[in-house]
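>
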Amino acid sequence: MSTKRRIAVVGGRSIAGLAGIAIAVGAVTAAVLVPWPSYSVTPVAQRVVPVPTDAQRVCPGPILALAEDATQATAASSIGSANVTAAAASGEPDPEESSLDAPDNDAADSDGGPTLVTVPAAADATEPPLVAASQSQVASTDTQSGLAVAACTEAVPDAWLVGGSTEIGRTTLVLLTNSSSVLATVDLAVYGESGPIDAPGSTGILVQPKSQRVVSLAGLAPDVASPVVHVTASGGEVAASLQQSTVRGLEPGGVDIVGPTADPDTTALIAGLTVSSSTAADPDAQPGAEEGYSDEQPGLRLLVPGDTGTQATVSVVGEDGAPGTSFTVDLEPGVSIEAPLTDLGSGAYTVRVEADQPVVAAARSAVSGNSGRDFGWFTASSPLTDEPTLVAAARGASPVLHAWNPSGEDATVVLTSERGTTRELDLPAATALSFEIDAGAGYEISDAAGIIASIGYETSTRLASFAVNPVGGLAAPVIVYTR
């Protein structure tokens, strides 16, 4: 074959190949540009809206004492009964009260146990009814003395209890109340000033339906000055609280029931910390400076429960703009600390804790007079929302509503009593104020988005407080898809 012919053959084959490539490219381009037939099926979906259920609040029950019977050193017995105040929103049925079982309380048959407050939901209701309750009790025995006031709370699967002590002369009990109709299994994680505590018997605690278990914290974590307890429940949910009582030598030093504090967050807010003139200022001149009396001085307990430490900034400001204090404190992960607040004068204060890591917090204060001593714990609370909040002020001496507006804008909170009387509470920006309210009465708080609130009680020998929190989130509608 001649050279020219070979060139012609090769050239022809190259041209043919190029033509084939061009045809393929054209086909692909056409496939892209020409619409293809499509087929789709819309999944069958149904929006399910949860039916509102009865509204319930769980009251922790009467003050308990250990070893009232000398033959049973770890047995708990109530020393009287608690007085419950319950309220429902206007137009709702009156709250119904029922007793729950208290197998760990030897005197429950005579004094009563925890109380379940219920407002039934109407058959055509679109939202659950609004209900609130709190309880109060005054103790006056050789080992228990003081005023204990507590909010009746919703049962939850997770709660943080900041308070108590198991040092000599201090008794702390963990109260676990299961108001549901199913068994609850509870785990307690205990933290102290030396870090997390490996406490045998703190997990797998069974709380029977419609009943309360009482756990002595000293049996889990003895000789701990600053305990923090994380409560988690599976199966049924529980309402958790702490009861602390103190004896100083032969003299009772007070009693309190401590509800859950706000969940871990980078900001913790406490309203209404009350410092009495009997324990304020100059700690060297007060009984609290004596050995065994240090917890009569105001203090702030903090814990960062995660794996990373942080530095917290604490700002304490008096109501009506009165001066306070500010400081920073280093927090190690899992280690509780108690920062003293001994440079505060008498009055009511707000406390803001800010950190890079989530923290839990609560403050403690005390009163001391010629006829007795008492102390109170002040827990952090969540800001109120746009939705109305109902509160019930338990019976006690001169209850006060502490309201704090931490925002940069003025607010006017509306307070409506059960009788329908309305008050407008003006709260300037970044200001906290106190308002007297009636004992044994219910109030609806509205137009209070972002406000931090608590209800406090103080006399020369009695001190107590509980936080005001918004209603727990309601179950959201669920989209169900079939396949």
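Residue numbers (full-length UniProt numbering): 1 to 483. We put the CB at the ideal spot given by N, CA and C, even for glycine. Quick caveat: nothing in here was measured; it's all calculated off a predicted structure.
Could you spell out where the beta strand (DSSP E) holding D109 opens and where it closes?
No beta strand (DSSP E) contains D109, which is instead part of the alpha helix (DSSP H) from A108 to D111.
> To the nearest angstrom, how far is it from the Cα of D54 to the Cα of I437?
Looking at the two C-alpha atoms, the distance is approximately 28 Å.
> Given a cut-off of 8 Å, decide if R301 and T246 are closer than it, judged by their beta-carbon atoms.
No, they are not a contact pair.
> If you check the beta carbons only, do G334 and G195 fall under 8 Å apart?
A contact, by the Cβ cut-off of 8 Å.
> In chain order, which continuous runs of the beta strand (DSSP E) of length 3 or greater are located wholly inside the segment 144–230?
Complete beta strand (DSSP E) runs here, min 3: 145–151, 158–162, 170–178, 184–192, 195–197, 205–207 and 211–216.
> Can you tell me which residues form a DSSP beta bridge with A429?
In the DSSP output, where bridge partners are listed per residue, A429 has none listed.
> When the distance is taken between beta carbons, is L390 closer than 8 Å to L130?
Yes, Cβ-Cβ distance for L130 and L390 is below 8 Å.
> Check whether the Cβ atoms of P404 and I452 lie closer than 8 Å to each other.
Rather than Pro, the amino acid found at residue 404 in this sequence is Trp. A contact, by the Cβ cut-off of 8 Å.
> Quick one: is the Cβ of S381 within less than 7 Å of any heavy atom of the ligand ZN?
Only the bare structure without any ligand can be found here, which leaves the ligand ZN out of the picture.
> Quick check: what's the CA-CA separation for G347 versus A366?
Each residue's Cα considered, the two are about 12 Å apart.
> Does the Cβ-Cβ distance between S134 and T115 come in under 8 Å?
No, the pair does not count as a contact, with Cβ atoms beyond the cut-off.
> Can you give the Cα-Cα distance for V275 and D124, rounded to whole angstroms?
If you take the alpha carbons of V275 and D124, they lie about 48 Å apart.
> If you follow the beta strand (DSSP E) that A453 is part of, which residue opens it and which one closes it?
Per DSSP, A453 belongs to the beta strand (DSSP E) from I452 to E458.
> Pairing CB atoms from the segment 456–465 with CB atoms from the segment 93–112, are three or more of them under 8 Å?
Taking 8 Å as the limit for Cβ pairs, the verdict is that the segment 93–112 does not touch the segment 456–465.
> Where E96 and V229 are concerned, what is the direct C-alpha to C-alpha distance, given to the nearest angstrom?
Roughly 31 Å separates the two Cα atoms.
> Hey, out of D330, P383, Y443 and G204, whose CA is closest to A449's CA?
Checking every option, the nearest Cα to that of A449 belongs to P383.
> Output the distance between the C-alpha atoms of D284 and Y191, rounded to the nearest integer angstrom.
Low local confidence applies: a pLDDT of 48 at D284 is under 50, so the model's placement there is unreliable, and no value is given.
> Please state whether the Cβ-Cβ distance between V207 and L64 is less than 8 Å.
Taking 8 Å as the Cβ cut-off, V207 and L64 do not qualify as a contacting pair.
> Would you tell me roughly how many angstroms separate the C-alpha atoms of R352 and A362, rounded to the nearest one?
Straight-line Cα distance between these residues: approximately 11 Å.
> Which residue from D410, T141, A441 and L269 puts its Cα closest to that of T379?
The shortest Cα separation from T379 among D410, T141, A441 and L269 belongs to L269.
> Decide yes or no for the touch test of the segment 238–257 against the segment 422–434: beta carbon pairs closer than 8 Å, at least 3 of them.
The answer is no - the segment 422–434 does not touch the segment 238–257, with fewer than three Cβ pairs under 8 Å.
> Using only CA atoms, which one of T166, Y349 and I205 lies nearest to H402?
Nearest of T166, Y349 and I205 to H402, Cα basis: Y349.
> Take every Cβ of the segment 248–260, pair it with every Cβ of the segment 145–159, and state whether three or more of those distances are shorter than 8 Å.
These segments touch.
> Sort out for me which residues DSSP pairs E127 with in a bridge.
Answer is none; E127 lacks a bridge partner.
> Suppose you measure from the CA of T143 to the CA of S165; what does that come to, to the nearest Å?
In a straight line, the C-alpha of T143 is about 16 Å away from that of S165.
> Could you compute how far the alpha carbon of L303 sits from the alpha carbon of L331?
The straight-line gap from Cα to Cα measures roughly 7 Å.
> Please state the DSSP three-state secondary structure of G321.
Looking at G321 - three-state DSSP - the assignment turns out to be helix.
> Cβ atoms of E354 and T421: under 8 Å apart, would you say?
No, Cβ-Cβ distance for T421 and E354 is not below 8 Å.
> How many whole angstroms separate the CB atoms of A392 and A87, which I take to be in contact at a CB cut-off of 8 Å?
With a Cβ gap of about 4 Å, A392 and A87 count as contacting.
> Taking all protein chains shown into account, do 16 or more other C-beta atoms lie within 10 angstroms of the C-beta of I168, making it buried, or fewer, making it exposed?
I168 comes out exposed.
> Take V84 and list the residues in its own chain whose beta-carbon comes closer than 8 Å to its own, dropping the five residues that flank it on each side.
Contacts found: C59, E97, T115, V117, A133, S134, Q135, C152 and A394.
> In the segment 290–316, which residue ranges form an unbroken beta strand (DSSP E) of at least 3 residues, counting only runs that do not cross its ends?
You should have 299–303.
> Judging by CA-CA distance, which residue of E193, L242, R364 and A411 is the nearest neighbour of D386?
The residue with the shortest Cα to Cα distance from D386 is A411.
> Which two residues bound the contiguous beta strand (DSSP E) that contains G440?
Counting along the chain, G440 falls outside any beta strand (DSSP E), and DSSP gives it neither H nor E.
> Can you tell me which of T141, A121, G91 and Q212 puts its alpha carbon nearest to the alpha carbon of I79?
Of the listed residues, the one whose Cα sits closest to I79 is T141.
> Would you decide whether L250 is buried or exposed? Buried here means 16 or more other CB atoms lie within 10 Å of its CB.
Exposed.
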